[in-house]
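Novice: A single structure is presented below for examination.
In the working numbering, the protein residues as written are 642 to 781.
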């Protein structure tokens with residue numbers, strides 16, 4: 642993800658987050674539709690209402706476990722996205738604002754307007770096809 646743009650990173654995250662959410666709804670529906678049997682040594686002594694309540698509790702427990710699992714996956718996914726965006730922003734900052742050496746800055750700070758106009762523009766080290774190539778004029 643580090644070579645992709647911030648927008649591409651966000652789009653990939655959105656797709657994965659949407660899939661995670663769709664999967665959760667499908668799992669929740671499967672849990673709701675699945676028949677739940679109440680077993681145990683005294684299961685035959687339960688009334689229909691008690692059986693229904695026990696089945697509901699079992700399904701709710703499974704749903705909570707699945708929800709917690711999906712929540713952990715979502716938090717991990719969000720953390721990965723945030724790290725990728727932070728990394729890309731740092732690399733862009735270096736690419737845009739990097740200066741070859743401090744001498745260039747000191748000359749620029751003490752230069753007159755005419756001297757500034759005559760100074761060659763310093764270029765940051767280029768990464769593979771970074772976006773700054775689009776910002777440079779064709780003559781430079």
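Ideal placement from N, C-alpha and C gives every residue a C-beta, glycine not left out.
Remember, predicted model here, so these are calculated numbers, not experimental data.
From residue 775 to residue 645, what distance separates their C-alpha atoms?
Specialist: Caution applies to residue 775, whose pLDDT of 48 falls short of 50 and renders its modelled position unreliable; the value that the coordinates give is listed next. Cα atoms of residue 775 and residue 645: separation of roughly 16 Å, rounded to the nearest angstrom.
Novice: Going straight from the alpha carbon of residue 843 to that of residue 756, what length do you get?
Specialist: There is simply no residue 843 to check, as the chain begins at 642 and stops at 781 in what is shown.
Novice: Only counting the same chain, and skipping five residues up and downstream in sequence, which positions put a Cβ closer than 8 Å to that of residue 734?
Specialist: none
Novice: Look at the alpha carbon of residue 779 and the alpha carbon of residue 761, and state the distance between them as a whole number of angstroms.
Specialist: Per-residue confidence for residue 779 stands at a pLDDT of 47, beneath the threshold of 50, marking its modelled position as unreliable; no derived number is given.
Novice: Does residue 671 come within less than 8 Å of chain D when only Cβ atoms are used?
Specialist: As a matter of chain content, chain D is missing from the structure shown, which is built from one protein chain.
Novice: How many angstroms separate the CA atom of residue 656 from the CA atom of residue 740?
Specialist: Residue 656 and residue 740 have their C-alpha atoms roughly 38 Å apart.
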